[in-house]
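Engineer: Structure incoming, see below.
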Amino acid sequence: MKPLKMKYLKSLAKQYPNIAKASTEVINLRALLHLPKGTEHFVSDLHGEHELFLHTLRTGSGAVKGKIQDVYGNTLTATDKKSLAALIYYPEDKLKKIKTQYDDQTDLDDWYKIMLYRMIEVCKQSLTKYSRSKLRDSLPSSYRHTLEELLSENNRVEDKKAYYTELVDSIIELEQADNFIISMAYLIQRLCIERLHVIGDIFDRGTGAHIIMDELMKYHSVDFQWGNHDVVWMGAASGHPACIANVIRLSARYNNLRCIEEGYGINLIPLLHFAIDVYKDDPCTCFTIDTKNGDIDTNELELNMKMHKAITIIQFKLEGQLILRRPDFKMNDRLLLDKINYENGTIEIQGKTYELLDKNFPTIDPKDPYKLTEQEAQLMERLEYSFRNCDKLQKHIRFLLSKGGLYLTYNNNLLFHGCVPLNEDGTLREVELNGIKYSGRNLYDVLEYYARKGFYRQKEDTDYTYGRDILWYIWSNENSPVYGKEKMATFERYFLSDHALHEEKKDYYYKLIEEDEVVTRILNDFGLHSPEAKIINGHMPVKKNESPIKCGGRALIIDGGFSKAYHSTTGIAGYTLVFNSNEIKLIAHEEFVSKEYAVEHETDIHSEIVVTDYKLNRKKISNTDKGLEMKAKIEDLELLISAYRSGMLEEEYHS
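Just so you know, the sequence shown maps onto residues 8 to 662 in our numbering.
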């Protein structure tokens with residue numbers, strides 16, 4: 008046996024010191040391989056819409072309702088089933104409301120008993136494809152033993168009826184019913200989703216990105232494939248000035264500054280004072296505020312428009328500086344401030360002159376248009392400090408980095424947010440960075456390498472400063488796989504009326520993804536060769552009447568518009584892709600009113616299964632990536648057992 012392998016077996020022997028323990032683990036692992044695979048949920052482009060997304064999680068995209076139907080389909084009324092579902096989705100809120108409806112404790116205790124029994128049965132139904140050890144690991148430590156007994160016992164066995172009944176009666180008598188109902192509600196939610204894949208863009212537009220991140224940091228199993236909005240927030244958290252300006256500009260545009268100010272506690276008063284001082288007599292009419300996130304009074308609207316313009320001009324200056332110092336980014340077409348004729352308020356683009364919609368630029372020096380004024384520089388210093396030193400934001404971004412990447416291959420699926428940059432003929436486009444050409448998976452890998460370097464600051468690391476600029480590159484460059492458009496026409500959309508200039512031409516990927524040869528080329532480049540392999544991505548909202556299913560089901564685009572801004576485009580309020588042991592199904596959700604409305608009226612969002620074309624031979628854990636890991640561990644344990652039996656290693660027994 009090779010020395011390295013023997014060293015590994017000695018390390019493994021510390022965990023399994025004798026044949027009995029190693030054999031027991033092999034027995035357990037072999038058995039687990041024959042259980043059905045867990046259910047994976049895929050979502051993308053949440054854009055801060057926390058209420059809808061968290062409701063989708065709590066409902067398991069309809070899975071909880073399905074479990075209730077499996078158990079009580081013919082024995083409970085529709086009203087009772089709705090009440091039970093609402094209790095499982097929002098146990099704390101529902102319990103608080105229920106208690107106000109009962110004056111008599113005996114009646115309330117009777118309700119508790121009914122609900123405890125009903126929830127026990129739904130829990131059992133949710134546990135059918137899990138092992139006892141999985142159940143044990145999923146239970147809260149305070150109530151683990153009692154819940155395990157309740158969920159493992161058959162209350163129809165005569166000898167155990169009294170035992171089972173006493174458990175329930177004692178829970179109620181000792182005033183623990185609320186805690187047990189809450190514990191079982193969250194257990195059901197957890198068991199309905201084995202693994203959650205968030206395929207990018209938690210941030211932007213909606214008001215609750217910080218709330219989503221708080222919840223996901225507590226979630227039992229989640230991974231991220233970063234979107235362009237996630238990456239620009241990473242850049243902002245690293246203190247990158249151009250990324251900070253972009254984050255604030257978008258938040259101002261979508262009436263979402265409270266995510267920065269209240270959600271993260273970042274002080275924007277210096278920006279407000281600067282904007283009032285510089286643009287006090289400027290109506291800033293080109294810098295409108297989208298009010299889909301809530302009404303805003305006239306005075307606040309005017310102030311936000313001034314802040315919006317102030318940070319936008321700063322953004323264009325900072326981006327210009329960056330483009331000039333990074334010629335390898337090849338973004339000179341985005342250098343526009345030096346193309347403006349400040350005397351007559353026009354700009355020349357590609358040999359044609361256009362009149363600007365806004366001609367007031369008090370902070371721009373025509374001789375040096377990308378230079379910040381002293382006031383602007385001081386403002387950015389304060390903002391950089393605030394973003395770098397915001398503890399909550401740093402925790403959220405570090406969690407995104409630790410649990411995610413730009414792509415993931417998992418269970419024969421390739422997950423990424425945007426696209427794989429392609430040439431017109433469908434071949435992988437070569438992109439040059441730092442003098443080296445990359446394409447496909449290699450491009451993803453090098454961008455992720457630099458992104459991590461750009462966030463995790465290390466002294467005397469030459470890749471750090473380049474990595475920080477790469478975070479902005481990933482956000483906005485045409486060769487960025489998570490952006491995937493010819494240009495980011497921010498300037499044109501603010502200042503020019505010609506809509507032809509507003510167009511952001513999509514990468515060839517979005518047209519060629521229907522071609523079998525192209526999909527095969529991409530999957531193979533990422534190491535996936537199975538005929539069952541699929542691409543799953545988001546980023547581009549699937550328009551009303553457009554199919555999210557591409558290339559005969561080999562690729563799926565699942566951006567269904569969680570963001571309110573896209574509901575009119577998509578006609579729905581988001582997709583969830585569900586991959587369980589039997590099938591892959593895409594579920595479309597209708598608009599969600601609010602958590603309070605759902606609790607009060609016991610309503611649910613209507614979710615429609617868009618496609619279930621992928622009926623599978625029931626997949627077991629043995630058919631998954633986790634199964635491959637378990638098989639490898641079994642092989643190692645069998646080698647360890649052989650080493651014990653041959654005398655190469657000595658068994659140990661501890662009392």
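Cβ atoms here follow ideal geometry from the backbone N, Cα and C, with glycine treated the same way.
Between the alpha carbons of Thr416 and Gly534, how many angstroms are there, rounded?
Structural biologist: 8 Å
Engineer: Specify the secondary structure class of Arg202 as computed by DSSP and reduced to three states.
Structural biologist: strand
Engineer: Please look up how many angstroms separate the CB atoms of Phe423 and Leu408, rounded, as I've assumed it's under 8 Å.
Structural biologist: Between the beta-carbon of Phe423 and that of Leu408 there is about 16 Å, and that puts the pair past the 8 Å contact cut.
Engineer: Looking only at its chain, what residues have a beta carbon closer than 7 Å to the beta carbon of Leu644, apart from the 5 residues adjacent to it on each side?
Structural biologist: Tyr23, Ala29, Glu32, Val33
Engineer: How many Å lie between Pro334 and Tyr516 at the Cα?
Structural biologist: 25 Å
Engineer: Less than 7 Å separating the beta-carbons of Met665 and Ala282?
Structural biologist: Residue 665 cannot be examined here, being either before or after the span of the chain that is shown, 8 to 662.
Engineer: Is Phe210 near the ligand MG, with its Cβ less than 6 Å from a heavy atom?
Structural biologist: Only the bare structure without any ligand can be found here, which leaves the ligand MG out of the picture.
Engineer: Is the number of C-beta pairs between the stretch 68-80 and the stretch 225-238 that are closer than 8 Å three or more?
Structural biologist: no
Engineer: Beta-carbon separation of His204 and Phe49 under 7 Å?
Structural biologist: Yes.
Engineer: Secondary structure at Ser660, three-state DSSP: helix, strand or coil?
Structural biologist: Per the sequence shown, the amino acid found at residue 660 is Tyr instead of Ser. In the three-state DSSP reduction, Tyr660 falls in the coil class, being neither helix nor strand.
Engineer: Using only the alpha-carbon positions, how far apart do Gln401 and Leu503 sit?
Structural biologist: 37 Å
Engineer: With a cut-off of 8 Å, do at least 3 Cβ pairs link the stretch 136-152 to the stretch 109-128?
Structural biologist: no
Engineer: DSSP has Tyr377 in a bridge; who is on the other side?
Structural biologist: Beta-bridge pairing links Tyr377 to no other residue.
Engineer: What are the boundary residues of the alpha helix (DSSP H) that Lys640 is part of?
Structural biologist: 632-653
Engineer: Suppose you measure from the CA of Ile543 to the CA of Phe586; what does that come to, to the nearest Å?
Structural biologist: 12 Å
Engineer: Taking only three categories from DSSP, how would you classify Asn348?
Structural biologist: strand
Engineer: For Thr583, write down the residues that DSSP places opposite it in a beta bridge.
Structural biologist: Ile594
Engineer: To the nearest angstrom, how far is the alpha carbon of Phe659 from that of Ser649?
Structural biologist: The identity of residue 659 in the sequence shown is Glu, whereas the question assumes Phe. Their Cα atoms are separated by approximately 15 Å.
Engineer: So Ser570 and Arg256 are in contact, right, with Cβ under 8 Å, and what is the actual spacing, rounded?
Structural biologist: With a Cβ gap of about 17 Å, Ser570 and Arg256 do not count as contacting.
Engineer: Quick check on Leu343: does DSSP put it in helix, strand or coil?
Structural biologist: coil
Engineer: Quick check on this structure: which residue in Pro290, Met387, Asn531, Asp372 has the alpha carbon closest to the alpha carbon of Asn253?
Structural biologist: Met387
Engineer: So, are the CB atoms of Ile195 and Pro98 less than 7 Å apart?
Structural biologist: At the C-beta level, Ile195 and Pro98 stay beyond 7 Å of one another.
Engineer: Nearest-angstrom Cα distance between Val238 and Val526?
Structural biologist: Rounded to whole angstroms, Val238 to Val526 spans 26 Å at the Cα level.
Engineer: Measuring CA to CA, which of Leu64, Lys627, Ile296 is closest to Tyr226?
Structural biologist: Leu64
Engineer: Whose C-alpha, out of Asp365, Asp340, Ile321, Pro373, is nearest the C-alpha of Ser383?
Structural biologist: Here residue 383 is Glu; the residue named in the question, Ser, does not match the sequence. Distance from the Cα of Glu383 is smallest, within the candidate group Asp365, Asp340, Ile321, Pro373, for Ile321.
Engineer: For Thr86, count neighbouring C-beta atoms within 10 Å of its own C-beta (all shown protein chains included) and say buried if the count is 16 or more, exposed if not.
Structural biologist: exposed
Engineer: Measure from the alpha carbon of Val453 to the alpha carbon of each residue in Leu275, Asn35, Tyr473, then state which is nearest.
Structural biologist: Minimum Cα-Cα distance from Val453 among the listed residues Leu275, Asn35, Tyr473 corresponds to Tyr473.
Engineer: Under DSSP, the beta strand (DSSP E) around Thr353 begins and ends at which residues?
Structural biologist: 353-356 is the extent of the beta strand (DSSP E) around Thr353.
Engineer: Just the Cα atoms here: how many angstroms apart are Lys346 and Gln385?
Structural biologist: 26 Å
Engineer: Going by CA-CA distance only, name the one from Asn449, Gly246, Ile121 that's closest to Lys88.
Structural biologist: Ile121
Engineer: DSSP on Gly411, reduced to helix/strand/coil?
Structural biologist: Reduced to three states, the DSSP call for Gly411 is strand.
Engineer: Span of the alpha helix (DSSP H) holding Glu307?
Structural biologist: 305-332
Engineer: How is the alpha helix (DSSP H) around Glu499 delimited, first residue to last?
Structural biologist: First-last of the alpha helix (DSSP H) with Glu499: 497-502.
Engineer: Could you have a look at Thr416 and say whether DSSP puts it in helix, strand or coil?
Structural biologist: strand
Engineer: Buried or exposed: which applies to Ser554, given that a residue is buried once 16 or more other Cβ atoms fall within 10 Å of its Cβ?
Structural biologist: exposed
Engineer: Measure the Cβ-Cβ separation of Asn311 and Ala259 and say whether it is below 7 Å.
Structural biologist: yes
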